[in-house]
Structures are given as structure tokens and as C-alpha cells.
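Offset between the sequence shown (1-based) and the numbering used here: plus 9.
In this text, a Cβ means the ideal position worked out from N, Cα and C, and glycines have one as well.
Just so it is clear, the structure is predicted and the values come from calculations on it, not from any experiment.
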Amino acid sequence: MHTYLHLCTQYYDWDKPKVFEDELAFYMQYILAAKGPILEPMCGTGRFLLPVLEAGFDIHGFDASVYMLEKLQQKCQQRNLQPLVWRQFLHDFKTTTAYDLMLIPGGSFGLIIDPVQVKLSLQQMYEHLLPGGKLVFEIETLKAVPERLGVWEGDAKFNQDDNDSMIILSTCALRPQGQVGSIICRYELVQKGNLVKTEIEHFQLRFYTIEEMNECLKSVGFNQIHHYKKYDKSQAASNQDKFIIYECVK
Numbered sequence: 010m011h012t013y014l015h016l017c018t019q020y021y022d023w024d025k026p027k028v029f030e031d032e033l034a035f036y037m038q039y040i041l042a043a044k045g046p047i048l049e050p051m052c053g054t055g056r057f058l059l060p061v062l063e064a065g066f067d068i069h070g071f072d073a074s075v076y077m078l079e080k081l082q083q084k085c086q087q088r089n090l091q092p093l094v095w096r097q098f099l100h101d102f103k104t105t106t107a108y109d110l111m112l113i114p115g116g117s118f119g120l121i122i123d124p125v126q127v128k129l130s131l132q133q134m135y136e137h138l139l140p141g142g143k144l145v146f147e148i149e150t151l152k153a154v155p156e157r158l159g160v161w162e163g164d165a166k167f168n169q170d171d172n173d174s175m176i177i178l179s180t181c182a183l184r185p186q187g188q189v190g191s192i193i194c195r196y197e198l199v200q201k202g203n204l205v206k207t208e209i210e211h212f213q214l215r216f217y218t219i220e221e222m223n224e225c226l227k228s229v230g231f232n233q234i235h236h237y238k239k240y241d242k243s244q245a246a247s248n249q250d251k252f253i254i255y256e257c258v259k
């Protein structure tokens, strides 16, 4: 895996240390209704998983990034938590546990860009759901493509514990090739005014139409499929929305 390395993981954790309130409130509707184990594939640093675990729910998780999982484990030690988490790619997902609910918040599913791996990932999740179990995840449409392409932009995040360290992030979004977008990210770790480490990552993200995702889901066995505007179950989404949340029942 060539993304979500050390500096990216640290920047991500400083930038998004906590789950957003509207995001957590939306997914809690499903968590409270779950009648069995819950799984968060692509769980990252535990931004979503840990508060759900602390609230007393039986939630497991896995991720493909060693660095993300290391950060998650550090947080668990600080909070005296012992979650069931492991390293795995979603398209290779296998376990003996059947889940009543699977959640992929935040658009992480779009990081799987290979169509074969997309279908395998959906198939594996379908097969590991209990009858009547739900898969809830987010996708992005081409409306989410950044307006400024080919332009370098920057930001920086500080270590809130000591303020002696910061990571400078420079990004350049490229024109999508078909339905796959690309962003070049340069992470620079600065400590006490000195540049000590640099990492460059090439992120790719697959964009979807509703029709395409519906077909993918039906092809692996899902028949009850709903799509909503972001964090709003009262409104059906359209291809004019940047973000779409899918709810699929086995």
C-alpha cells in the first residue's frame, strides 16, 4: 500500500481528531437498531470506531494501512480500550463472524478504484452480512471533483500537544481520467523550524453515478437499495449531489 503512510496518517489525525457530530448522529440511527455485531471496514485511525466502542457497542474494524492501525492502537492504549481490529484489504475480507451492520463513513470506499476489486469488496461484505443485515456507505459523484485543477494549494496542521511540530500539506488535484480522480499530496514534517521528513503520495478516488452503483450492488445480491442525500434519510439523492449515502439490505 503506497498511501496513508506515516505523515499522511499523522496529518489526518491532527486534522480530523474526532467524528463530526452530524455524521455520528446519522450513523447512530443504524447502530441503535442493530441486532448483532457491527463492522467498520476501512476504519482508519478509529475516528468513528472508537467513540462507538466507548458508547458500549460491539463494533469491530479493519484497515489496509499499517500506520493508520498503529495510530488507532495508540489511542486505544490511552483510553484502555481493546477493540477487535486487524489489517486487511476489503476485497480480501474474510472472517468467521457474520455482521448485522457494516458501515463505511466518510467516502473511504471510493479509494478502491479497480472495478474488479470494487465488485469483490461488495461481494465479500454481502456474504458476511446476516440475513436482513445492512451495509451503509458513502460515495462521491463527479460533482465532487475540485473546481481548481492543476493548481498547488497548501495547508498546515500543528501538534496540539507541544506546538513544536507541524505538517505542511501541499496538494494538486488533477483532471479525472474517466471516473477516477487523482490528487498529488506532499507532506512535510517540520520540527522546531527544521524540515525533518517528506512524503509524497498519489491518491486516486473513483466517482460513481447512482445507476452504476445500483448495478454493482444488484450484481452481488443486494435487492433492497436506498440512496440518500448526505446525512438526510428524508431525501433521495441524485447525480447532482456531491455525496451520496447508500443503505443496502441483504
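Residues of its chain near residue i, where Cβ-Cβ distance is below 7 Å and the 5 sequence neighbours each way are ignored
i: D67; result: P46, I47
i: Y135; result: V229, G230, F231, K259
i: L78; result: D72, V94, R96
Whole-number beta carbon distance between residue j and residue i, since they are thought to touch under 8 Å
i: L131; j: Y20; result: No, L131 and Y20 are not in contact; Cβ-Cβ is about 30 Å, not under 8 Å.
i: F146; j: Y36; result: Not a contact, Cβ separation roughly 10 Å.
i: L268; j: C257; result: No statement about residue 268 is possible, as the shown extent of the chain runs from 10 to 259 and does not include it.
Coil, strand or helix - residue i by DSSP
i: C17; result: helix
i: G159; result: coil
i: Q169; result: coil
i: P124; result: helix
i: V28; result: coil
i: N89; result: coil
i: G119; result: helix
i: S174; result: strand
i: V199; result: strand
i: V94; result: strand
i: V154; result: coil
i: K80; result: helix
i: K143; result: strand
i: V205; result: strand
i: L35; result: Looking at the sequence shown, residue 35 is not Leu but Phe. Note: F35 maps to helix in three-state DSSP.
i: V61; result: helix
i: H11; result: coil
i: A42; result: helix
i: V229; result: coil
i: S130; result: helix
Same chain, Cβ closer than 8 Å to residue i, neighbours up to 5 away in sequence not counted
i: H211; result: H11, T12, S191, I192, I193, C194
i: P185; result: L151, V154, S191, F216
i: V199; result: S174, M175, I176, I177, V205
i: R88; result: L59, E63
i: Y240; result: D31, E32, A34, F35, I254
Own chain partners of residue i with C-beta closer than 6 Å, once the 5 adjacent residues on each side are dropped
i: Q97; result: F71
i: H69; result: L48, L93
i: K80; result: T18, D22, T54
i: F118; result: F146
i: T180; result: E162, I192, C194
i: L158; result: A182, R184
i: A165; result: M175, I177
i: H100; result: Q126, L129, S130
Per DSSP, the bridge partner or partners of residue i
i: A107; result: Paired residues: none, contrary to the question.
i: Q186; result: V189
i: L48; result: H69, M111
i: E210; result: C194
i: A245; result: Y237
i: E149; result: F252
i: T180; result: E162, C194
i: R215; result: V189
i: C257; result: L144, I234
i: L138; result: Y108
CB contact below 8 Å: residue i versus chain C
i: Q249; result: In the structure shown, chain C does not exist; there is a single protein chain.
Mind the definition here: the region 112–121 touches the region 51–68 only if three or more C-beta pairs lie below 8 Å; say whether that holds. yes
Taking 8 Å as the threshold, find out whether the region 129–143 comes into contact with the region 226–233 through three or more Cβ pairs. With the cut-off at 8 Å, the region 129–143 and the region 226–233 touch.
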